[in-house]
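Working notes, beginning with the structure itself.
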Amino acid sequence: MARFIVRRLGFMVMTVVLASIIIFWATTVLPGDLASQILGRFATPQAKDDLRRELGLDKPVVVQYGRWLGDYVQGDWGESASTSTAVRPIVFERLSNSLMLAAVAFVMYVPLGILLGLVAALKKNTWIDQTISVGSLAFIGLPEFVSGLILISIFAIELKWLPSQSAIAPDSTFVQALPYLILPAITVALTSLAYVVRMTRSSTVDVLQMDYVRTADLKGLSPSRVLFTHVLRNSLLPTITVVAIGIGWLIGGLIVTEAVYGYPGIGRLLLFAIQRRDLQLIQATALLIVLIYVVANLVADILYAVLNPRIRYQ
Amino acid sequence: MHARAAVAAPGAAAPAGAPRPVFEIEGLSIDYTTELGVLPAVRDVTLSVHEHESFGLVGESGSGKSTLAMGAIRYLAQNGRVTEGSVRLGGVELLGLPAKDLRALWGSSIGVVYQNPLSALNPSIVIGKQLAEVARRRLGMNKAAAFERVVEMLTKVAMPDPAAVMRRYPHQLSGGMLQRCVIAMALMTDPALLIMDEPTTALDVTTQAVVLDLVADLKRELDSAILYITHDLGVITRICDRVGVMYAGELMEQAALYELFKRPLHPYTLDLLGCVPHFDPTPQKRSLVTIPGSIPRLDELPPGCTFAPRCTYVKDVCMTARPPLVAVAAGHLSACRRWQAVPTPVEHLRSATEAVRAAEAAGARPDVLIDARGTQVHFQTAAGLLSGRKGRTIRAVDGVDLDVCVGQTLGVVGESGSGKTTVARAIIGLTPATGGKITLRGKPLPPSTAARPRATLKDIQMVFQNPDASLNPTRSVGDAISRPLVLLGGLGRQAAAGRARELLTAVSLPVSYFDRLPHELSGGEKQRVAIARAFAAEPGLILCDEPISSLDVSVQGSLMNLLMKLQVEKSTSYVFISHDLSAVQHLSDAIAVVYLGRVMEVGDATKVLTPPFHPYTEALLSAVPLADPDAKQKPIRLGGSAPSAMDVPPGCRFHPRCPRRLGDICRQQEPPWREGEGDHRVYCHIPLEELARLQAETLVLDAEGSA
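What follows is the structure, given as structure tokens:
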């Protein structure tokens, strides 16, 4: 098992390095470099060259990349050109907001998805199953900006239960932020729910047909014990993997939802950075999002191995 | 043997004194609701199993034997339903029992052993926990007591080191070990009824023998009534006291084991026994009995006797009403109106089969077609990218010498993992040999198909085990057969289609099958198409890789007949690969016994199958269950399972499991080839004369032991 984790960590580092190269390369080939950005459109070429030299932009790209990555690892993420403040605190504040939203959404859709998937599998091919399947599928096709607007018009505008915009104050606590989190979290949960439902349903249907479930039944175990000790343990494996991989998206990929609610998450920060061509901010945010995805995948792999002895004892 | 015949006298299946019936099925009928409508899968079956008794339920696939057993204990799929009848276990009526009480019976009074032990155990729970669950839930034991009970049960099924096994996950144990665990689990509560559903079908023949011994031992020890379900007539003779024969959902005949085999009184039983090759290592062979037609579909059952459309002894009386199962002798029931007209098996064989192959004239050996010397197929496992793990060598085939003569059959036998399939794939070039030299008609054969000329590709064809996988599901039967004719035979499409129709006739399929798709055919029919396709290119050699293993007994018989007929007509050579020694001895002129990538013994079929033989051949012959209650077999059993081809033992590779191991010489030195009569060769440290003496000795002992 230790060897398995070490191997996975190795792959993870390789992935991140590769991603950092791509991010760095993409930001350097964009028209307009840091110097022209800082100095503005009307700077003289001489001034730009001087600044470039000062910033090390005249060095070969490889050296620039090495310096950037070295600084990044050491925690020096540079200064944002558009806000003229250090990048790291901005990104971290947004990250913590994103984590809160992800946590609330996760708590909403994962248990519900698993429950609905299980019920659908146990009631396979009945109206209950069909209602669950069709119902959850309907939301997959619905883009977040549509479902978000519907939710806002019902719960914020008509019923006035919850705020329509989620501009939470920078130093608010989780409890203070909670009312602002609910609508965006529901929006996210609706799109993700169907994946969990369908995965749980199909793997549970498969497992229910396995010989070992027959064995468990004919041991005379109660139906609930068969379900909880023999079925779930195997049928939730694929779901857990899908959910764990989804965590990356849940934290780093909610650009549309954040935009609909004006939620100050990391996705919207990236959007902002791109719109402003804020290279330092783009690089820092993008690499952080990559890290989040990679860690989520690592967690998924390890969880899968922990729960599946066939992988654990290779 | 005389004693056995005497025991088989009417009604004497069980010892004197009325045996107490434990499990009684009366007039049981089971329906399945499907898209085709309501299908009567089991109809009006009555049988009972007594204490200490083992009742064998034999039947081909689709006969309803598993449905009967599972339906009787009310474990049916949602679309299954018991429509009428009565099932009593220890006097308690199971039908109509509340679900909760039923569950209490499952796992306490009823134990079940399944076909595939690996899938019958939960892959993510350790063995110990799965077994202890029964002790804790059903016997109400605490954790410590349950642990003790599991150890005790595992010891009972002769499991080495039970405590260690209990910490293992199912995928970490071999099939034989797993089946012991499942048996231990089924016996945990001393059930009144033990249902064993094909418990050894998924196991290797050597492992099967060990598990069958175990079941036979347990049977003597236990009070349980055993309902033993199998398609294998050989296995039945090792385990069962009484036998019921099922056909298309009905019980056709029921009798004591010996009587059923020696004097069957239903034509279906008679045919079924005739489909299995008789183990007789002489060159004279007769064809096998074939049953025309196939099992009727459940939605198209004939109005009279269900077997009438396929029966040799059918009369008008059979066509009108369904015959009841009636006593025709004490303890012997038959559902045939004309049971008095049913001949003895010997007469039936004489009339229903014919001699197919005369003995070869001594010395007149045909030309060699394929000559393989030192054939080697080694695979490398992938090296780790980051872990620094080195790739290892799998020695799947490790220096095999074989030759195949024109118009003859070379049988290749061995356990799974012995490399027998890989040898065939190396000959045809699908898995290129990594060493050695193969010649075809005296010309060297390049290892890979890419380097072989078209004429060579045409000359070697192959029939695979699973016709479902080897026939393209989207191509019609005619297409499948025409393709090699166009690609390799150079025929035009018209000519190819005409030739394909001829081939269909040659493999006894109607020409109307030309446009059918594979899924419209039965397993046996698909394999006929695969055989026709192999013959299409008019090859000199056809490699048959377990071509009949996945098929029913009666279908196996007719396919063996077909292979023999075509061989005589076209003088094609076969390499017939199988784990089934009876089939191999029936079809082969020469036999090679392979173990762990190396030939252990090779030679004329009669020589290989009669003493002196290699200790491994001897063990295989002792292990294979023969469909003859009179068969005398040695109690030689191989322990454990074959080592991995990554870890080939030094010295003689068979030494760790060899019952006749001499000592260090076997562990350290490769054995020499001992030359016997003709081209008979044995790869063993023990001289042939010594082997002959040793092997004769045990035979005598056996005879004395059973006298």
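Going line by line, the protein sequences match chains A and B.
The opening position of the first sequence corresponds to residue 1 in my numbering, with each subsequent residue numbered one higher.
The opening position of the second sequence corresponds to residue 1001 in my numbering, with each subsequent residue numbered one higher.
Note that the Cβ used here is the ideal one computed from N, Cα and C, for glycine as well.
Work out the CA separation of residue j and residue i for me, nearest whole Å.
| i | j | result |
| --- | --- | --- |
| ALA2 of chain A | LEU270 of chain A | 36 Å |
| ARG1088 of chain B | ARG1103 of chain B | 15 Å |
| HIS1378 of chain B | ARG1395 of chain B | 5 Å |
| GLU54 of chain A | GLY40 of chain A | 16 Å |
| ASP1479 of chain B | PRO1547 of chain B | 21 Å |
| ALA1184 of chain B | ALA1352 of chain B | 45 Å |
| THR1505 of chain B | TYR1513 of chain B | 10 Å |
| SER20 of chain A | GLY10 of chain A | 16 Å |
| ALA1361 of chain B | ILE1370 of chain B | Note that ALA1361 of chain B scores 47 on pLDDT, short of 50, meaning its location in the model is unreliable and no value can be drawn from it. |
| ASP1316 of chain B | GLU1569 of chain B | 37 Å |
| ASP1459 of chain B | SER1124 of chain B | 49 Å |
| SER1029 of chain B | GLY1096 of chain B | 15 Å |
| GLN1115 of chain B | ALA1382 of chain B | 34 Å |
| VAL1709 of chain B | THR1200 of chain B | No answer is possible for residue 1709 of chain B: the residues shown for chain B start at 1001 and end at 1707. |
| LEU232 of chain A | THR204 of chain A | 7 Å |
| LEU1301 of chain B | LEU1233 of chain B | 26 Å |
| GLY952 of chain B | LEU1551 of chain B | Nothing about residue 952 of chain B can be read from this structure; chain B reaches only from 1001 to 1707. |
Is it buried or exposed, residue i, if we count other Cβ atoms within 10 angstroms and call 16 or more buried?
| i | result |
| --- | --- |
| ARG1238 of chain B | buried |
| VAL1575 of chain B | buried |
| LEU137 of chain A | exposed |
| ASP1515 of chain B | exposed |
| ALA1321 of chain B | exposed |
| LEU1581 of chain B | buried |
| LEU1047 of chain B | buried |
| GLN1208 of chain B | buried |
| HIS1519 of chain B | exposed |
| GLU1093 of chain B | exposed |
| ARG1004 of chain B | Unreliable placement is indicated for ARG1004 of chain B, whose pLDDT of 36 sits below 50; the coordinate value is still reported in the next sentence. Classification of ARG1004 of chain B: exposed, given that the 10 Å Cβ count is below 16. |
| ARG1425 of chain B | buried |
| ASP1604 of chain B | buried |
| ALA1359 of chain B | Because the pLDDT at ALA1359 of chain B is just 47, under 50, the model does not fix this residue reliably, and the value given afterwards should be weighed accordingly. Burial call: exposed. |
| VAL17 of chain A | exposed |
| THR1083 of chain B | exposed |
By Cβ distance, which residues of its chain are closer than 8 Å to residue i, with the 5 residues on each side in sequence left out?
| i | result |
| --- | --- |
| ASN308 of chain A | LEU237 |
| LYS1219 of chain B | HIS1052, SER1054, ILE1226 and ILE1239 |
| LEU99 of chain A | ILE251 |
| ALA1692 of chain B | PRO1611 and PRO1612 |
| THR1269 of chain B | VAL1245, MET1252, GLU1253 and LEU1260 |
| THR27 of chain A | LEU279, ILE282 and GLN283 |
For residue i, which residues from the same chain have a beta carbon less than 6 Å from its beta carbon, with the 5 sequence-adjacent residues on both sides left out?
| i | result |
| --- | --- |
| ARG1081 of chain B | ASP1031 |
| PRO1671 of chain B | CYS1652, TYR1683, CYS1684 and HIS1685 |
| PRO1292 of chain B | ARG1310 |
| ARG1667 of chain B | GLY1651 and HIS1655 |
| GLY1056 of chain B | TYR1228, ILE1236, CYS1240 and VAL1243 |
| ALA1500 of chain B | GLY1478, ILE1481 and SER1482 |
| LEU1638 of chain B | THR1206, ALA1619 and ARG1657 |
| LEU1609 of chain B | PRO1281 and GLN1585 |
Ignore the nearest five residues each way along the sequence and tell me which others in residue i's own chain have a CB closer than 7 Å to its CB.
| i | result |
| --- | --- |
| GLY148 of chain A | THR187, THR257, VAL260 and TYR261 |
| GLY1435 of chain B | GLY1374 and GLN1376 |
| THR1439 of chain B | ASP1371 and LEU1445 |
| MET1141 of chain B | ALA1135 and ARG1149 |
| GLN1408 of chain B | PRO1366, SER1573, ASP1589 and ALA1590 |
Report the three-state DSSP secondary structure of residue i (helix, strand or coil).
| i | result |
| --- | --- |
| TRP161 of chain A | coil |
| LEU1260 of chain B | helix |
| GLN1567 of chain B | helix |
| PRO1040 of chain B | strand |
| GLU54 of chain A | helix |
| ARG1020 of chain B | coil |
| THR315 of chain A | In this structure chain A extends from 1 to 314, so residue 315 of chain A is not present and cannot be described. |
If residue i and residue j are in contact, beta carbons under 8 Å, what's the gap, nearest whole angstrom?
| i | j | result |
| --- | --- | --- |
| VAL196 of chain A | TYR109 of chain A | 6 Å |
| CYS1275 of chain B | GLY1557 of chain B | 3 Å |
| GLU1026 of chain B | GLY1085 of chain B | 6 Å |
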